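*Asks:* Numbering (the working numbering), first residue to last: 502 to 677. Questions regarding the structure given below will be posed in turn.
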C-alpha cells in the first residue's frame, strides 16, 4: 500500500501496490500494523455499502457530531465516484477547505477520512457501489450534515443538477 497525503491535514489516499502475473494481481488493501505505522486506525468496527442506481447521484455532506466523529475508509467497488471531504475541525490549519478524489472500481483507490470531516460523493456511472469501513459505530442521533453547495466551501461537483434525497438537499449552511 502507498499512503498519499492530501492537502487536508490527516486525510490520505491509499493506493494499492499490486503484484502482477499472468493470472492478474494480488495486493494488500488493509494491514493493521501498516495502518498504525502510518498514523491511521488499525481497527474498523463497522462496514456499510451504498448502492446508487443513477449517474449523478449525490450523497452528502455527512458527518457525526462530537463525541461520535467517524474515522472511515471509503472505496468504490463498482462504477465510479467523485468523492469529497471537508475539514470541519475548528482547530485545524485546513478548516473549511475541501478535497476531492475520483474513486473507482478501476483505480481501486481508498480514501481515509479523519474524524471531524464532512463526507459526500457524486456517482460518475450508473450502478455505482461505495464501501465504507468505520473505526467507530454509527450513532443515528449524532448524524449531521452541511449543504452540498454551501458557498462557504465552494465545492465543484461534476454533474449538474444532482440526483439527491430531500434530506441531503435541505442540510443547512455550515456555521463554525
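Every residue gets a Cβ at the ideal spot worked out from N, C-alpha and C, and that includes glycine. Values in this document were obtained by computation on a predicted structure and should not be read as measured data.
Compare the Cα-Cα distances from residue 656 to each of 552, 602 and 570 and report the closest residue.
*Replies:* 602
*Asks:* Which partner residues does residue 628 have in the DSSP bridge list?
*Replies:* In DSSP, residue 628 forms no bridge with anything.
*Asks:* If distances are taken between C-alpha atoms only, which option among 515, 510 and 511 comes closest to residue 610?
*Replies:* 515
*Asks:* Which one or two residues does DSSP pair with residue 515 in a beta bridge?
*Replies:* 504 and 611
*Asks:* Just mark residue 588 as buried or exposed, buried being the case when its beta carbon has 16 or more other beta carbons within 10 Å.
*Replies:* buried
*Asks:* Determine which residues share a DSSP beta bridge with residue 548 and list them.
*Replies:* 634
*Asks:* Does any C-beta atom of chain D lie closer than 8 Å to the C-beta of residue 666?
*Replies:* As a matter of chain content, chain D is missing from the structure shown, which is built from one protein chain.
*Asks:* Output the distance between the C-alpha atoms of residue 518 and residue 580, rounded to the nearest integer angstrom.
*Replies:* 21 Å
*Asks:* Would residue 652 and residue 595 be called neighbours here (beta carbons separated by less than 8 Å)?
*Replies:* no
*Asks:* Between the C-alpha atoms of residue 677 and residue 618, what's the straight-line distance to the nearest angstrom?
*Replies:* 13 Å
*Asks:* Alpha helix (DSSP H) containing residue 537: first to last residue?
*Replies:* 533–538
*Asks:* Determine the direct distance from the alpha carbon of residue 571 to that of residue 634, and round the result to whole angstroms.
*Replies:* 10 Å
*Asks:* In chain order, what residues of the same chain have a beta carbon less than 8 Å from the beta carbon of residue 625, not counting five sequence neighbours either side?
*Replies:* 556, 580, 581, 582, 583, 603, 605, 659 and 660
*Asks:* Determine whether the beta carbon atoms of residue 533 and residue 543 lie at a separation below 8 Å.
*Replies:* yes
*Asks:* Where does the unbroken beta strand (DSSP E) through residue 588 begin, and where does it stop?
*Replies:* 581–588
*Asks:* Rounded C-beta distance between residue 615 and residue 525? I'm assuming under 8 Å.
*Replies:* Contact doesn't hold; Cβ gap of about 32 Å is too wide.
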